[in-house]
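Chains X and E supply the protein sequences, listed in that same order. First residue of the first sequence: -10, per the working numbering; consecutive thereafter. First residue of the second sequence: 11, per the working numbering; consecutive thereafter.
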Amino acid sequence: MATHLIFVEHDQNGIKKSSLSAVTAAKKMGGELHGILLGKNVKALAREFCPYVDKVHFGEHEGLEHRLAQPYAKVMSDVAKQIGASHVWASATVAGKDLMPRVAIRLNAGMASDIQAVISENTFSRPVWAGDLNCEIELLTSIKVITVRVSEFAPAEIGSNASEPIPIDVSLGPVNMRFVSFDAVKSERPELTDASVVVAGGRGVKGPEGFKELIEPLADILGAAIGASRAVCDAGWVPNDWQVGQTGKVVAPKLYFAIGISGAIQHVAGMKGSRVIVAINKDPEAPIFQVADYGLVADAFKAVPELISCLKS
Amino acid sequence: MKILVTVKRVTDYEAKLKLAADGLDIVRDSVNMIMNPFDQIAVEEALRIKEKDSAEVVVLSMGTKDAEAQMRAAMAMGADRGILVETGSNVSSEMDSALAAKMIHQIIKRESPNIVLMGKQSIDDDNHQTAEMVAELWGVGQATQANTVTIKGQEAVVVREADGGLETLSVDLPCVITTDLRLNEPRYASLPNIMKAKKKPLDFLSSSELGIEHQPQIKIKKLSYPPSRKSGQRVSNVSELVNKLKNEAKVL
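Structure (structure tokens):
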């Protein structure tokens, strides 16, 4: 029977919902579910997580106050060995991606990143080439390390386990890295990769002014994140981290507006997982219309202001 | 200071990919190949450190001999020399991340760099594994998804793109740093530098010379096209669009 160890992310105030997606993925296999929380003072959070799984391990130490990959990987792999874990999971967040490959090396485990489906105890489906292709990957090792694409697994429902969390006898090992500071993004907008609505602009908005005039007001009224095509990032109209595509961010919102975006392969690779895609482009032949659920052939400078006033009313 | 930068030869992000008949790889003939864009950012960052603090920049690739083109491209940007570890194939089923990390670790043992700079992931496998694995094998700290890198004596202060904000870490040298999009804009190589790069030293090693013991950890069972989106509809004006988004798609 499988024994799962799931890395539970928290920000000290609460458990991150993304970790509940990893629970859902692990549950698909059956077996015993263990959670692990690390930090300076996490017993209360560990208790809060207990109902979601069968057992929760918590490690408290000054050196675990901040999520540093080196000591976290040491402690996680120690616990994995101790409980005889067959599968070690995390969500494919920045934190999960930073940590889990180190855990895999320590456990001599094969690793599947960013999975979108569990096929069997050792086989998973994951996107490759930014989602241009799906890959069925089998892990051949006795212990398996997996990170989970959060948008593909609904958060696990709370269960009824009421057992007490189990303290870990923490041994940090060498630590060659230190936390200095964290600046939370103060944007009013949601993060591009988390947003349920994304408004993205391309060359058709004609310049940085077009982003101010069209894209930002539309994003404001929808509470949306802003994205952009590679072409306009390369042109310096908008920051590089707004780039949606194979070399930028991969997004899968509920609703995606592609405005003045032609639909180059590299862009489509980053957004085609969106539930509903709307394209506004004045070129009726633009490839973006092939992936759009709703296509409007129109000049963005006419259609977007109209759309904004329509949404306002 | 010595900086080792890894460079992977990958398919062009503009290329239209076709599955091979066996469903285990893509058709690679006639697909344009480029340097992994995140590795290009890594090369650029190494050169900026070199220009500030003076350093030797060594580029490393593993794969088929063809990767020489990407090594020369890195040297045309300004890298000093290259090491190409030849493997029979660069397909991930024969070259998993742990094997790649072990190879890089062997080269690290030979070269003793102060910093290893790597792309956060390659745009073909999208694994995002190798750099962190290298750091673990090497027993050093890491700063992944860097947005700003500052070398201060025996440590690197790195601002990284974390979930929900920017995290600053200080990491003892030697260390592994991976690049994210905002770190820099890679330079273009000038024609004279492209010519010069042809004469820069490039060592070819065979992977068997590295004496690595490795059992394959993964097997690619099948590649497939994702289900295609059903073809959408054209709407004739904005109010029809809003109406459909509200009442048909129910997303407003």
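Even glycine gets a Cβ: it sits at the ideal position worked out from N, Cα and C. Everything numeric in this text was worked out from a predicted model, so none of it was measured.
Presumed contact (8 Å Cβ cut-off) between residue i and residue j, rounded CB distance
i, j, result
"residue 96(X)", "residue 134(X)", "7 Å"
"residue 248(E)", "residue 295(X)", "4 Å"
"residue 154(X)", "residue -4(X)", "Going by Cβ atoms, the distance from residue 154(X) to residue -4(X) rounds to 15 Å, so no, they are not a contact pair."
"residue 80(X)", "residue -2(X)", "7 Å"
"residue 116(X)", "residue 103(X)", "7 Å"
"residue 90(E)", "residue 11(E)", "12 Å between Cβ atoms; not a contact."
"residue 289(X)", "residue 169(X)", "Between residue 169(X) and residue 289(X) the Cβ distance is about 42 Å, and since that is not below 8 Å, they are no contact."
"residue 84(E)", "residue 45(E)", "7 Å"
"residue 220(X)", "residue 191(X)", "6 Å"
"residue 15(E)", "residue 53(E)", "5 Å"
"residue 247(X)", "residue 189(X)", "6 Å"
Beta-carbon spacing of residue i, residue j below 8 Å
i, j, result
"residue 254(X)", "residue 28(E)", "no"
"residue 266(X)", "residue 286(X)", "no"
"residue 87(X)", "residue 142(E)", "yes"
"residue 214(E)", "residue 94(E)", "yes"
"residue 59(E)", "residue 161(E)", "yes"
"residue 53(X)", "residue 29(X)", "yes"
"residue 12(X)", "residue 26(X)", "no"
"residue 180(E)", "residue 169(E)", "no"
"residue 63(X)", "residue 128(X)", "no"
"residue 144(X)", "residue 187(X)", "no"
"residue 21(E)", "residue 43(E)", "yes"
"residue 180(X)", "residue 174(E)", "yes"
"residue 22(X)", "residue 74(X)", "no"
"residue 304(X)", "residue 49(X)", "As displayed, chain X neither begins before -10 nor continues past 302, which places residue 304(X) out of reach and without an answer."
"residue 261(E)", "residue 244(X)", "yes"
Residue i at chain E interface by Cβ criterion, 8 Å
i, result
"residue 237(X)", "yes"
"residue -10(X)", "no"
"residue 87(X)", "yes"
"residue 173(X)", "yes"
"residue 34(X)", "no"
"residue 224(X)", "no"
"residue 261(X)", "yes"
"residue 118(X)", "yes"
"residue 18(X)", "no"
"residue 193(X)", "no"
"residue 109(X)", "no"
Chain X within 8 Å of residue i, Cβ atoms only
i, result
"residue 110(E)", "no"
"residue 59(E)", "no"
"residue 31(E)", "no"
"residue 239(E)", "yes"
"residue 155(E)", "yes"
"residue 325(E)", "Residue 325(E) falls outside the range modelled here, since chain E spans only 11 to 262, and no answer is possible."
"residue 259(E)", "yes"
"residue 35(E)", "no"
"residue 143(E)", "yes"
"residue 90(E)", "no"
"residue 119(E)", "no"
"residue 23(E)", "yes"
"residue 162(E)", "no"
"residue 244(E)", "yes"
"residue 96(E)", "no"
"residue 192(E)", "yes"
"residue 134(E)", "yes"
"residue 228(E)", "yes"
"residue 139(E)", "yes"
Pick from the options that is closest to residue i, judged by C-alpha positions
i, options, result
"residue 113(E)", "32(E), 231(E), 43(E) and 224(E)", "224(E)"
"residue 246(E)", "254(E), 239(E) and 240(E)", "254(E)"
"residue 218(E)", "82(E), 117(E), 77(E) and 78(E)", "117(E)"
"residue 237(E)", "37(X), 62(X), 120(X) and 59(X)", "120(X)"
"residue 69(X)", "131(X), 37(X) and 107(X)", "131(X)"
"residue 210(X)", "14(X), 298(X) and 109(X)", "298(X)"
"residue 251(X)", "276(X), 167(X), 125(X) and 198(X)", "276(X)"
"residue 56(X)", "96(E), 15(E), 152(E) and 79(E)", "152(E)"
"residue 166(X)", "7(X), 21(X), 61(X) and 108(X)", "61(X)"
"residue 41(X)", "126(X), 172(X) and 15(X)", "15(X)"
"residue 2(X)", "291(X), 38(X), 183(X) and 240(X)", "38(X)"
"residue 198(E)", "145(E), 47(E) and 159(E)", "47(E)"
"residue 193(E)", "258(X), 105(X), 228(X) and 18(X)", "228(X)"
"residue 77(E)", "163(E), 97(E) and 145(E)", "97(E)"
Near the ligand SAM: residue i beta-carbon under 7 Å from a heavy atom
i, result
"residue 200(E)", "Absence of the ligand SAM from the depicted structure is noted, as is the absence of any ligand whatsoever, leaving it without description."
Exercise for review: Can you check the region 11 to 78 of chain E for any alpha helix (DSSP H) of at least 4 residues that lies completely inside it and give the ranges in chain order?
Suggested key: Segments of the alpha helix (DSSP H) lying fully in the region 11 to 78 of chain E: 47 to 63.
Point to revise | Contiguous beta strand (DSSP E) assignments of at least 3 residues, all confined to the region 156 to 233 of chain E | key: Listed in chain order, they are 165 to 172, 175 to 182, 185 to 189 and 212 to 216.
Point to revise | Whole runs of the alpha helix (DSSP H) within the region 223 to 272 of chain X, excluding any shorter than 4 residues | key: Annotation note: the region 223 to 272 of chain X contains the following uninterrupted alpha helix (DSSP H) runs of length 4 or greater, listed N- to C-terminal: 254 to 260.
Check your understanding: In chain order, which alpha helix (DSSP H) runs of at least 4 residues are fully inside the region 72 to 138 of chain E?
Key -> Annotation: the region 72 to 138 of chain E contains the following complete segments of the alpha helix (DSSP H) (minimum length 4 residues), in chain order: 78 to 87 and 107 to 121.
Check your understanding: Which whole runs of the beta strand (DSSP E) in the region 98 to 137 of chain X are 3 residues long or more, in chain order?
Key -> You should have 99 to 104, 112 to 117, 122 to 128 and 133 to 137.
Check your understanding: What beta strand (DSSP E) runs, 3 residues minimum, are completely inside the region 1 to 46 of chain X?
Key -> Qualifying beta strand (DSSP E) stretches, in chain order: 21 to 28.
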